[in-house]
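Step one of this worksheet: look at the structure below.
There are 2 protein chains.
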Amino acid sequence: MKSIYKEIYDDLVRDIEAGKYGPNTLLPSENELMNYYDTSRQTVRKALNHLSQDGYIQKIRGKGSVVLDRSSLDFPLSWLASFKELSNKMNINAKTKVHSLKIMEPTPTLAEHLQTGTDKEIWEVVRVRNIDGQNVILDKDYIKRDLVPNLTIKTCEQSIFEFIEKELNLEISYAKKVFSAQDATKEDKELLDLKHYNVVIVVQNYIYLKDTTLLQYTESRHRPDKFKFIDFARRELNK
Amino acid sequence: MKSIYKEIYDDLVRDIEAGKYGPNTLLPSENELMNYYDTSRQTVRKALNHLSQDGYIQKIRGKGSVVLDRSSLDFPLSWLASFKELSNKMNINAKTKVHSLKIMEPTPTLAEHLQTGTDKEIWEVVRVRNIDGQNVILDKDYIKRDLVPNLTIKTCEQSIFEFIEKELNLEISYAKKVFSAQDATKEDKELLDLKHYNVVIVVQNYIYLKDTTLLQYTESRHRPDKFKFIDFARRELNK
DNA sequence: GAGTGGTCTAGACCACGGA
DNA sequence: CCGTGGTCTAGACCACTCC
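Taken in sequence, the protein lines are chains F and U.
Each residue of the first sequence is one higher than the one before, starting from 1024 at the first, in our numbering.
Each residue of the second sequence is one higher than the one before, starting from 1024 at the first, in our numbering.
Structure (structure tokens):
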């Protein structure tokens, strides 16, 4: 059973993306939505606040909720999303090749990234993402084995994300991402079609479950010209 | 007069950062906070939800609000912050040199970025950020002149941000950032100490006021090895 | 003045975790 | 079982925008 505010949120997202409410027009007022969904104002406001948080609308006191123009925003890929989800949304001709999949004991560096001991087994998954015939992203995933006992090449070719959430019923709650640029390593040069570039854009991703345990550390190494990341940020506290 | 939830939020942020509530310990329960501040539960929850949003805590049903470890998070520089705010927070030896400041009519490209006409005057501010004796960031700001009539070199050396908010009383509400990498231009090579790097990390920043008008377009060009950006993201809707 | 969103109250019931 | 957080209600008063 979906909660009411989530239903309202989903409805409005759908309507906005379908163009039912165009950019710079007003959404129905909180009162109208309240009556329409036969619910309390707080519930409506919760839905609207999430729309605001996610960059769909701007609430203006005395006026209403203005729909923002997200056409140039393309995809809000700031948030936790898997490569598969992304490539679907963007209609990209993408393929994934699993380069290696193995169980290992972490090096001291990896143990620190994963907040675990060097004697605890972890999975190492190395995947190459191919877009339009070019190998442009190298993904290295490190996953705690005690949380994910089994992993197959087939799963890694699809979406590890989906597998973890749907098959294992682990709830991913939040993540910390660190963006930087690094000199390309020998491995980068071997596995990617780097052309003349001597640096790669690195996205380190620490993925946490809802009980705050760290599940996975991922390093995504992008060829510079194929890297793009969009972020929507609010300065004020949400109302 | 500060609102109650903001007061609670600020208090808790202060206490968490001061170490009064250490990582992996529990905050007082919603009931306790409710009594302490003599307010309703909803008001307390609003404050806690913002803490959750900002990566300070994880709320766990049946248990409480767990303080997350932000020591490695350093600074949540994902969010709207000026260079001055940042360098203050990070104790960095940073200097700003204004390379040029002028009024111009936008090129077609710039007009599109700023969502304005090619006949409307805009400011162009070019600044070089020097960290530890090296020129590592080139900031190019384009600001609508009708919103900001006057701008001085002195202001640009300090913080344009502060000037806009405090002197002009314009309320900045949200921003869209686009991260990418580009081949270094002739200008990059002239103004920055680029060493052997042939690409720069570019952060395009579109800054909006609370009435949804676009105020400013900024392009921040970073030497790759000095670029770092940290993002905290939640997968679930906030509760 | 009428309508909008922003803050807040005082209740209620539910789902979950831990002892 | 009790205490936790998650959802929701039905009111209230305020600040703001627009006419």
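No residue lacks a Cβ here, since even glycine has one placed at the ideal position from N, Cα and C.
Just so you know, these numbers come straight off a predicted model, no measurement behind them.
query	result
The region 1155-1163 of chain U contacting the region 1175-1184 of chain U, beta-carbon criterion three pairs below 8 Å	no
Runs of beta strand (DSSP E) lying entirely within the region 1113-1154 of chain F, each at least 3 residues, in chain order	1117-1127 and 1145-1154
Partner residues on chain U for F:GLN1081, Cβ-Cβ distance less than 9 Å	SER1196, TYR1197, TYR1231, LYS1233, ASP1234 and THR1235
U:ALA1070 (DSSP reduced to helix, strand or coil)	helix
Own chain, CB closer than 8 Å to U:SER1094, minus 5 neighbours either side, in chain order	PRO1046
Contact the region 1191-1207 of chain F vs the region 1024-1035 of chain U: 3+ CB pairs below 8 Å	no
Where F:TYR1059 falls, given that 16 or more other Cβ within 10 Å makes a residue buried	exposed
Integer Cβ distance of F:VAL1159 from F:ARG1150, believed to fall under 8 Å	With 8 Å as the limit, F:VAL1159 and F:ARG1150 do not qualify as a contact, their Cβ atoms being about 12 Å apart.
Residue(s) in a DSSP beta bridge with U:LYS1082	U:SER1088
For F:THR1241, the residue or residues it bridges with in DSSP	F:ASP1164 and F:ASN1228
U:LEU1056 in three-state terms, based on DSSP	helix
For U:ARG1257, three-class secondary structure by DSSP	strand
CA nearest to the CA of F:ALA1256, picked from U:ASN1054, U:THR1066 and U:ASP1077	U:ASP1077
Partner residues on chain U for F:ILE1224, Cβ-Cβ distance less than 8 Å	ALA1204 and ILE1224
Backbone CA spacing between F:VAL1223 and U:HIS1073 [nearest angstrom]	34 Å
According to DSSP, residues forming a beta bridge with F:ALA1204	F:ILE1224
Spatially closest choice to U:ALA1117 from U:ILE1126, U:LYS1125, U:LEU1124 and U:LYS1107, by CA coordinates	U:LYS1107
Member of F:ARG1246, F:THR1236 and F:PHE1252 whose CA lies at the smallest distance from the CA of U:VAL1266	Chain U is shown from 1024 up to 1262; residue 1266 of chain U falls before or after that span and cannot be answered.
Local conformation of F:GLN1076 per DSSP, three classes	helix
Residues of its chain near U:SER1101, where Cβ-Cβ distance is below 6 Å and the 5 sequence neighbours each way are ignored	Interpretation of U:SER1101 is limited by its pLDDT of 45, a score under 50 that renders its predicted location unreliable; the figure taken from the coordinates is listed afterwards. Counting only Cβ-Cβ distances below 6 Å, and skipping sequence neighbours, we find ASP1254.
Beta-carbon neighbours of U:GLU1259, restricted to chain F and to distances below 7 Å	SER1196
Contact with chain F by U:PRO1129, beta-carbon distance below 8 Å	no
Of the listed residues F:ASP1038, F:LYS1143 and F:LEU1170, nearest to F:PHE1238 (C-alpha basis)	A small fix is needed here, since residue 1238 of chain F is Leu in this sequence, not Phe. Measuring from the Cα of F:LEU1238, the nearest candidate turns out to be F:LEU1170.
U:TYR1044 to U:ASP1092 span [Cα, whole Å]	11 Å
Spatial distance of F:GLU1053 from U:LYS1069 (CA atoms)	19 Å
Reference U:ILE1154; option with closest CA among U:GLU1147, U:ASP1216, U:GLY1042 and U:ALA1204	U:ASP1216
Min CB distance U:ILE1303 to chain F below 8 Å	Outside the displayed range of chain U (1024 to 1262) lies residue 1303 of chain U, so it cannot be described from this structure.
Near-chain F residues of the region 1240-1259 of chain U (beta-carbon distance less than 7 Å), N- to C-terminal order	PRO1247, ASP1248, PHE1250, LYS1251, PHE1252, ILE1253, ASP1254, PHE1255, ALA1256, ARG1257, ARG1258 and GLU1259
Contact set between U:LEU1161 and chain F, taken where Cβ atoms lie within less than 7 Å	Under the 7 Å cutoff, chain F gives no residues; its nearest Cβ is about 15 Å from U:LEU1161.
Backbone CA spacing between U:SER1026 and F:SER1026 [nearest angstrom]	28 Å
Residue of F:GLN1138, F:ILE1115 and F:VAL1225 minimising C-alpha distance to U:LYS1249	F:VAL1225
Interface flag, F:TYR1060 vs chain U, CB-CB below 8 Å	no
DSSP three-state assignment for U:VAL1036, whether helix, strand or coil	helix
Close-in-space but distant-in-sequence residues of the same chain around U:MET1057 (CB under 6 Å, 5 per side omitted)	ARG1064 and VAL1067
F:ASN1192 (DSSP reduced to helix, strand or coil)	coil
Interface flag, F:SER1182 vs chain U, CB-CB below 8 Å	no
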